[in-house]
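Counting in numbering that gives the first Met the number 0, the sequence shown runs from 0 upward without gaps.
Ideal placement from N, C-alpha and C gives every residue a C-beta, glycine not left out.
None of these values were measured; they are calculated from a predicted model.
Working notes, beginning with the structure itself.
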Amino acid sequence: MNITLKQLKDIRSENCITIIATTHRTKPDYLNDGLRLKNLIKEAEDRLMADTSKRNATHLMEKLNTLAAEIDHSQNLESLMLFVNDEVAQYTRLPIKVEDRVVIDETFATRDLVRAMHLETHYYILVLSQEKIRLIEAMNDKIIREIGNPFPIENTQFFSKNRAAAAIASRQTSLIAEYFNQADKKVNEVRKDNPLPVLICGLEENHNEYLKIADNKRSIFNIFLNKNKINDTAHSIVDESWKIVKDYVVKKNNERKEELKKAVGENKFLSDTNEIWNAISEGRIQTLFIEQGLFQPAVMKNGEIQYVSDEERNDTGVIDDIYDEMIEANMDFGGDVVFLPKGELTKFNGFGAITRY
Numbered sequence: 000m001n002i003t004l005k006q007l008k009d010i011r012s013e014n015c016i017t018i019i020a021t022t023h024r025t026k027p028d029y030l031n032d033g034l035r036l037k038n039l040i041k042e043a044e045d046r047l048m049a050d051t052s053k054r055n056a057t058h059l060m061e062k063l064n065t066l067a068a069e070i071d072h073s074q075n076l077e078s079l080m081l082f083v084n085d086e087v088a089q090y091t092r093l094p095i096k097v098e099d100r101v102v103i104d105e106t107f108a109t110r111d112l113v114r115a116m117h118l119e120t121h122y123y124i125l126v127l128s129q130e131k132i133r134l135i136e137a138m139n140d141k142i143i144r145e146i147g148n149p150f151p152i153e154n155t156q157f158f159s160k161n162r163a164a165a166a167i168a169s170r171q172t173s174l175i176a177e178y179f180n181q182a183d184k185k186v187n188e189v190r191k192d193n194p195l196p197v198l199i200c201g202l203e204e205n206h207n208e209y210l211k212i213a214d215n216k217r218s219i220f221n222i223f224l225n226k227n228k229i230n231d232t233a234h235s236i237v238d239e240s241w242k243i244v245k246d247y248v249v250k251k252n253n254e255r256k257e258e259l260k261k262a263v264g265e266n267k268f269l270s271d272t273n274e275i276w277n278a279i280s281e282g283r284i285q286t287l288f289i290e291q292g293l294f295q296p297a298v299m300k301n302g303e304i305q306y307v308s309d310e311e312r313n314d315t316g317v318i319d320d321i322y323d324e325m326i327e328a329n330m331d332f333g334g335d336v337v338f339l340p341k342g343e344l345t346k347f348n349g350f351g352a353i354t355r356y
């Protein structure tokens, strides 16, 4: 069962286990990834045995160990996340560096998934031509995978090689439009499970024709790679695509930092954790800003957040990472989050928020 980020965020139950582990792409490093994961699973077992019934702990550990046994570590990226509770058993690989940890809470810890979406640029590349269409999933300059069935989509039905038909421009345009329309529907089926933005790689005439028929134009970058690379390697396509996407991302990030500066000047910025939590509960927070690598265990007492030490992280009733909790709550209200490099929010202790009003 493949569960989306939104579905993971919406799950609420006892003993939602999230395991976050550093992994490696290449041999011999990935040969030790199984042992690293095994040690984290043992930590989860110790905590479950201390906090829940033996029967429940045994059931969850069976699911966790079965899931871990499915993982082929030779296919690892930079990190691995496992999600297990009574209904869910799923893992995902991420091409970002993480801090190894075990989180057992009433919700899954999805912060690293969110960070991957925001800090890194996770996107599809639609490689477009009038004869064939490919779809590649990428993050920054790394290939995640080239999408298989129904891709690549060959144009066997709508591309006319008949000279008489091809001579009639409107007829040929109509055939190509129908071909692109069918491909667009397949792209959107893929995006249902993983709604990433789409970069088009193709000649300008094909890019423009595709935009005319696209059902979800807002999902498509307003930049494109103006080259015919339909027969190039996936590595070459991702490499050239990232060059233009990177410039786009840098521009967007600089705009977000300007939002932060403006909010501070207009007194629409909060940095006290409890003030931010209360404002989130009222739906008043537009954007959370957090430094990379910042984690904070906490407890809720009388409706207020109280930080606790890392040594107390495993105690009963402790929220493993209060920032993860706040990010999820704010997203539920339609807010967003910006992850900044370490040191850029020093005067705010690494965390702050822009209010809507």
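Contact check, residue i vs residue j, beta carbons under 7 Å
i    : j    : result
L127 : N205 : yes
D183 : A213 : yes
I10  : L81  : no
L36  : A20  : yes
P151 : K131 : yes
T120 : V307 : no
L287 : I326 : yes
S12  : N84  : yes
Buried/exposed call for residue i, threshold 16 Cβ in 10 Å
i    : result
K240 : The sequence given here places Ser at residue 240; Lys does not occur at that position. Buried: at least 16 other Cβ atoms inside 10 Å.
Y322 : buried
I124 : buried
G302 : exposed
Y356 : exposed
Q156 : exposed
R54  : exposed
S52  : exposed
T78  : Before going on, a small fix: residue 78 reads as Ser here, not Thr. Buried: at least 16 other Cβ atoms inside 10 Å.
E188 : exposed
V336 : buried
G201 : buried
L93  : buried
D32  : buried
T172 : exposed
Secondary structure of residue i, DSSP reduced to three states
i    : result
E98  : coil
E208 : helix
V307 : coil
H23  : coil
M0   : For M0, the predicted model reports a pLDDT of 45, less than 50, meaning its position is unreliable; a value from the coordinates is still stated below. Of the three classes helix, strand and coil, the one that applies to M0 here is coil, per DSSP.
K341 : coil
E136 : strand
L39  : helix
D85  : coil
R359 : Since the displayed the chain opens at 0 and closes at 356, residue 359 lies outside it and no answer follows.
F294 : coil
Residues near residue i in its chain [Cβ-Cβ closer than 8 Å; skip 5 each side]
i    : result
E42  : V101
R190 : Y123, V197, N215 and S218
Own chain partners of residue i with C-beta closer than 7 Å, once the 5 adjacent residues on each side are dropped
i    : result
Y29  : T22, H23, H72, S73 and N75
F107 : L7, I10, C15, T17 and F82
Q295 : Y306, D320, I321 and Y322
G282 : F332
Cβ shell of residue i (< 6 Å), same chain only, five flanking positions each side left out
i    : result
T272 : I304
F350 : I289
Next on the checklist: What ranges does the alpha helix (DSSP H) occupy inside the region 250-281, keeping only unbroken runs of at least 4 residues that lie completely in it?
Outcome noted: 272-280
Checklist entry - Counting only runs that start and end within the region 173-234, where is the alpha helix (DSSP H) found for 4 or more residues in a row? => result 203-212
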